[in-house]
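In the working numbering, the protein residues as written are 761 to 956.
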């Protein structure tokens, strides 16, 4: 097993355990449930990436690529949903949330109608990776806009929160920014950009 595959597996297991722990603390809480969806998206992506990186047969790797990409598509969407739930601003942003989920659904349709990727291509030392079509760039723009908008709203509302909520957000912002920066490097091999 490569270092990359091992890191995907550890990320998958870690996110699964954290997501399950938070969800089980209050299964009826909207923030807990949306956090569960966010971590589930990450788990689907990292597990699929782990499997794809350990397979040497292109057709099998493509199947795992179709498995993992819906997770990637819903990472920014579920992140926005969770952050707005945590900040008690879901209702005021309900129309935006619906639009973002609808857009995610469109990207899922584009994926399974072969309009998002051409297939997979081998990128050593990572294994197989998505071979993007032009609409994949549109998805990356969507991913970026949703994440940046979510942080922008969070920073705007930050001063209105009590100290406990600010501390909670500080940890979340730091952890998720690190996660998104590291996750961004996972897109680079798809465009044959060297990362080693």
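Glycine included, C-beta positions come from ideal geometry on N, C-alpha and C. Just so we're clear, the structure is a prediction, and the values are computed from it rather than from any experiment.
Endpoints, the alpha helix (DSSP H) within which residue i is located
i           : result
residue 782 : 763-785
residue 926 : 923-944
residue 826 : 818-846
residue 807 : 790-814
Neighbourhood of residue i by C-beta, 8 Å cutoff - its chain only, sequence neighbours within 5 removed
i           : result
residue 910 : 836, 839, 840, 843, 844
residue 936 : 839
residue 787 : 793
residue 877 : 825, 829, 871, 890, 891, 892, 893, 896
residue 778 : 799
residue 781 : none
residue 947 : 900
residue 796 : 779, 780, 782, 783
Cβ neighbours of residue i in the same chain (closer than 7 Å, five flanking residues each side left out)
i           : result
residue 807 : 772
residue 847 : 914, 917
residue 863 : 902
residue 860 : 837, 840, 906
residue 761 : 814
residue 812 : 821, 824, 825, 828, 887, 888
Beta-carbon contacts of residue i that lie in its chain and below 6 Å, excluding the five residues immediately before and after
i           : result
residue 831 : 801, 804, 805
residue 815 : 821
residue 769 : 810
residue 819 : none
Are there three or more Cβ pairs, one per stretch, closer than 8 Å when the stretch 766-776 is compared with the stretch 798-809?
Result yes; three or more Cβ-Cβ pairs closer than 8 Å.
Enumerate, from N- to C-terminal direction, the unbroken beta strand (DSSP E) stretches of 3 or more residues contained entirely within the stretch 862-919.
Fully enclosed beta strand (DSSP E) runs of 3 or longer: 877-883, 887-892.
Inter-stretch contact (C-beta, 8 Å, three-pair minimum) for the stretch 900-907 and the stretch 872-882:
Pairwise C-beta distances place the stretch 900-907 out of contact with the stretch 872-882, as fewer than three of them are shorter than 8 Å.
Assess, as a yes-or-no matter, whether the stretch 881-894 is touched by the stretch 921-935 under the definition of 3 or more beta carbon pairs within less than 8 Å.
Contact fails: fewer than three Cβ-Cβ distances are below 8 Å.
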